[in-house]
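Working notes for the structure below.
Numbering (this note's numbering), first residue to last: 35 to 205.
Here's what the structure looks like:
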């Protein structure tokens with residue numbers, strides 16, 4: 035794997051009609067933000083060839099919006115293990131499913147994604163400004179891209195917030 039993209043799902047409804055968290059759908063602004071982030075990734079020249087997506091409804095919908103806006107064809111795997119996964123669970127999913135993919139995108143949930151993004155940024159020697167910005171918040175539809183560039187530690191390549199990229203931004 036040369037690049038890793040971590041994306042938190044778009045803004046979702048507070049309560050699913052079914053009453054369960056797993057079935058919460060994206061709201062209109064969440065769908066729009068996910069589409070914006072797909073276009074932002076395309077403009078940055080970052081194209082995933084594999085998406086590992088939590089099987090929760092809001093993450094599936096986010097991935098669909100990203101791929102449609104990006105006009106990207108990629109293999110998509112929906113994984114129950116990514117639903118509210120901690121950083122170790124996410125890393126395990128990458129080990130188990132990421133073989134052969136140059137750029138892998140994980141679409142999931144906080145706090146696990148945020149914690150993993152911070153860990154990788156620190157390991158890769160991110161600047162204090164980058165680390166501070168990343169530590170501050172990881173709202174819905176946030177995207178962070180790490181590149182290995184032949185190094186053993188990841189380098190923080192991009193940090194995109196929906197509200198800074200033309201979207202509404204979330205919480």
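Where a beta carbon is used, it is the ideal one built from N, C-alpha and C, also for glycine.
Going by C-alpha distance, which of the options is nearest residue i?
i           : options            : result
residue 196 : 64, 180, 183, 144  : 64
residue 62  : 110, 190, 187, 174 : 174
residue 85  : 190, 48, 78, 124   : 124
residue 90  : 183, 54, 145, 35   : 54
residue 169 : 145, 191, 188, 184 : 145
residue 155 : 182, 189, 41       : 189
residue 191 : 132, 131, 137      : 137
residue 44  : 172, 164, 166, 134 : 172
Excluding the five sequence neighbours on either side, which residues of its own chain have a C-beta within less than 6 Å of the C-beta of residue i, listed in chain order?
i           : result
residue 103 : 69, 72, 73
residue 99  : 65, 68, 69
residue 80  : 179
Can you look up residue i in the DSSP assignment and give me helix, strand or coil?
i           : result
residue 56  : helix
residue 111 : strand
residue 90  : coil
residue 78  : coil
residue 47  : coil
residue 70  : helix
residue 192 : strand
residue 171 : coil
With which residues is residue i paired in a DSSP beta bridge?
i          : result
residue 39 : 139, 179
residue 85 : 110, 139
For residue i, which residues of its own chain have a beta-carbon under 7 Å away from its beta-carbon, when the five flanking residues on both sides are left out?
i          : result
residue 46 : 58, 59, 60, 61, 64, 92
Using C-beta distances below 8 Å, list every residue in its chain close to residue i, excluding the 5 sequence neighbours before and after it, in chain order.
i           : result
residue 127 : 86, 113, 115, 116, 119, 140
residue 105 : 76
residue 49  : 58
Is the region 94–113 touching the region 146–163, taking contact as three or more C-beta pairs under 8 Å?
no
Please confirm if the region 158–167 is in contact with the region 54–61, defined as three or more CB-CB distances below 8 Å between the two stretches.
no
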